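Participant: Chains as they are written, first to last, in this note's numbering: chain Z, 2 to 120; chain P, 346 to 455. I'd like to ask you about the structure that follows.
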Amino acid sequence: GAVVSQHPSWVICKSGTSVKIECRSLDFQATTMFWYRQFPKQSLMLMATSNEGSKATYEQGVEKDKFLINHASLTLSTLTVTSAHPEDSSFYICSARGLSGGGNTGELFFGEGSRLTVL
Amino acid sequence: GESVGLHLPTLSVQEGDNSIINCAYSNSASDYFIWYKQESGKGPQFIIDIRSNMDKRQGQRVTVLLNKTVKHLSLQIAATQPGDSAVYFCAESEGNKLVFGAGTILRVKS
Numbered sequence: 002g003a004v005v006s007q008h009p010s011w012v013i014c015k016s017g018t019s020v021k022i023e024c025r026s027l028d029f030q031a032t033t034m035f036w037y038r039q040f041p042k043q044s045l046m047l048m049a050t051s052n053e054g055s056k057a058t059y060e061q062g063v064e065k066d067k068f069l070i071n072h073a074s075l076t077l078s079t080l081t082v083t084s085a086h087p088e089d090s091s092f093y094i095c096s097a098r099g100l101s102g103g104g105n106t107g108e109l110f111f112g113e114g115s116r117l118t119v120l
Numbered sequence: 346g347e348s349v350g351l352h353l354p355t356l357s358v359q360e361g362d363n364s365i366i367n368c369a370y371s372n373s374a375s376d377y378f379i380w381y382k383q384e385s386g387k388g389p390q391f392i393i394d395i396r397s398n399m400d401k402r403q404g405q406r407v408t409v410l411l412n413k414t415v416k417h418l419s420l421q422i423a424a425t426q427p428g429d430s431a432v433y434f435c436a437e438s439e440g441n442k443l444v445f446g447a448g449t450i451l452r453v454k455s
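In structure tokens:
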């Protein structure tokens, strides 16, 4: 099946630094990628929708200047957490939909997540 | 957008028994629903989906039931195994994106 890879799988950084997380579709081209955040014992909360070649659409309450999303190619989207603080510590998960996915969100493929810990 | 549940209850079942995990959704316009399984430290794994023109759909050892009248979804797992222990989320489609429910922790006792 289709594979979505995230890197790094975990990262620890100091408060005030920026961290970049990559999401790659390994065997298909993804026109749309989604970024989620998940705190412990909670559900996945959609942060933003990323379309290749255009600006990301952020969900209400998500700071676009803090969570920079770039979707420069059909196989790569990046999420940069700028000036990270301890409250940004979370599990960040991406998902991707292929070109032939149409409107069927069942063809979304999820990455394995990236755990960010900000000290 | 509307949310799909806010709490994370726990369901404990004996190995071999059937499990029923429930989910209430709030957007009556949603027409597509999915159940995911998430193991600790991993991304969600697709289990089964159902469209709103159906009431029931069966997979291997799993069945999803949809009651649009009361906006309720359930996931039934037959002969629950220790490997089924995980967090289970329902999700509903809202246009191009998925909205996840709060999730249920399933613990299987041997």
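Every residue, glycine too, gets a C-beta built ideally from N, C-alpha and C. Just so we're clear, the structure is a prediction, and the values are computed from it rather than from any experiment.
(1) Output, in chain order, the set of chain P residues within a Cβ distance shorter than 7 Å of Gly-40 (chain Z).
(2) Under DSSP, the beta strand (DSSP E) around Ser-373 (chain P) begins and ends at which residues?
(3) Label Gln-39 (chain Z) either buried or exposed according to how many other C-beta atoms from any shown protein chain fall within 10 Å of its C-beta, with 16 as the threshold for buried.
(4) Excluding the 5 residues flanking Gly-114 (chain Z) on each side, which residues of the same chain have their C-beta closer than 8 Å to its C-beta?
(5) How many angstroms separate the CA atom of Glu-360 (chain P) from the CA atom of Lys-454 (chain P)?
(6) Got a sec: is the Cβ-Cβ distance from Lys-416 (chain P) to anything in chain Z below 7 Å?
(7) Give the single residue among P:Gln-383, P:Thr-408, P:Ser-397 whose Cα lies nearest to the Cα of Ala-423 (chain P).
(8) Is it the case that the Cβ atoms of Ala-436 (chain P) and Ile-379 (chain P) are separated by a distance below 7 Å?
(9) Taking all protein chains shown into account, decide if Leu-120 (chain Z) is buried (16 or more other Cβ within 10 angstroms of its Cβ) or exposed.
(10) With a CB to CB cut of under 8 Å and the five nearest residues on each side skipped, what residues in its chain are close to Thr-83 (chain Z)?
(11) For chain P, find out if any of its Cβ atoms is closer than 7 Å to the Cβ of Ile-94 (chain Z); answer yes or no.
Facilitator: Taking the geometry as given:
(1) For clarity, residue 40 (chain Z) is Phe in the given sequence; the question names Gly instead. Within chain P, no residue comes near Phe-40 (chain Z); the closest Cβ sits about 11 Å away, beyond 7 Å.
(2) Segment: none, Ser-373 (chain P) is in no beta strand (DSSP E) and carries neither H nor E.
(3) buried
(4) Gln-7, Ser-10, Gln-39, Phe-92, Tyr-93, Ile-94
(5) 6 Å
(6) no
(7) P:Thr-408
(8) yes
(9) exposed
(10) Ser-19, Asp-66, Lys-67, Phe-68, Leu-69
(11) yes
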